[in-house]
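The structure appears below as structure tokens.
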Amino acid sequence: MKTLFAALCSAFIANAARAGEFSYFCMVNSVYRQSEDNGSLQEYAGMGVKAGDKFAVDRRTGTVTGERVPAFNARRFDVLGDGKNGNSFKVVFSGQNGYLGYLAIAEYKAGKSKPFILDDSIWVATGICE
1 MKTLFAALCS AFIANAARAG EFSYFCMVNS VYRQSEDNGS LQEYAGMGVK
51 AGDKFAVDRR TGTVTGERVP AFNARRFDVL GDGKNGNSFK VVFSGQNGYL
101 GYLAIAEYKA GKSKPFILDD SIWVATGICE
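Just so we're aligned, residue 1 is where the sequence shown starts under this note's numbering, counting upward by one.
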């Protein structure tokens with residue numbers, strides 16, 4: 001029984017270590033929308049993503065999944081930059097009726113936590129990915 005438990009623990013730890021290699025797990029800290037009056041950014045709490053929302057990003061395909069992220073009809077995900085060689089990981093996603101979104105994760109930043117910016121054409125969200 002101890003051997004089975006040790007094997008299961010080893011498999012879990014090995015998979016957890018590889019998770020960051022293949023995906024990001026992100027949390028939204030702030031959401032903004034452009035003011036229609038003067039064009040400045042202001043906090044936004046309307047439809048769509050909200051502070052505290054979590055989402056995942058597949059680093060190979062660029063697929064973004066979460067309860068409200070992406071917020072609308074994203075059907076296609078294209079990785080524009082893989083985050084190697086000191087650059088950001090970048091993905092564009094699109095969907096019906098001209099929906100377009102963009103996500104950049106600062107992969108070049110040292111450490112486990114990587115800041116992100118997510119623009120879905122209506123609002124802009126910022127936060128941290130690991």
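Note that beta-carbon positions come from the ideal geometry of N, C-alpha and C, so glycine has one too.
All values derive from a computational prediction rather than experimental measurement.
For N29, the enclosing beta strand (DSSP E) starts and ends at 23–34. Counting the other CB atoms within 10 Å of its CB gives A125 a total of 16 or more, which places it among the buried residues. Contact between M27 and G127 is confirmed by a C-beta separation of about 5 Å, below the 8 Å threshold. Around the beta carbon of A104, 16 or more other beta carbons lie within 10 angstroms, which makes this residue buried. Per the coordinates, the alpha-carbon of R33 lies some 12 Å from the alpha-carbon of K50. In this structure, F77 is the residue among E67, F77, G48 with its C-alpha nearest to the C-alpha of D58.
By alpha-carbon distance to G98, the top candidate from F55, K84, R75, G83 is R75.
In the DSSP annotation of this structure, the continuous segment of the beta strand (DSSP E) that includes S94 starts and ends at 89–95. In the three-state reduction of the DSSP assignment, G98 falls in the helix class. Taking the Cα positions, G48 is about 8 Å away from V69.
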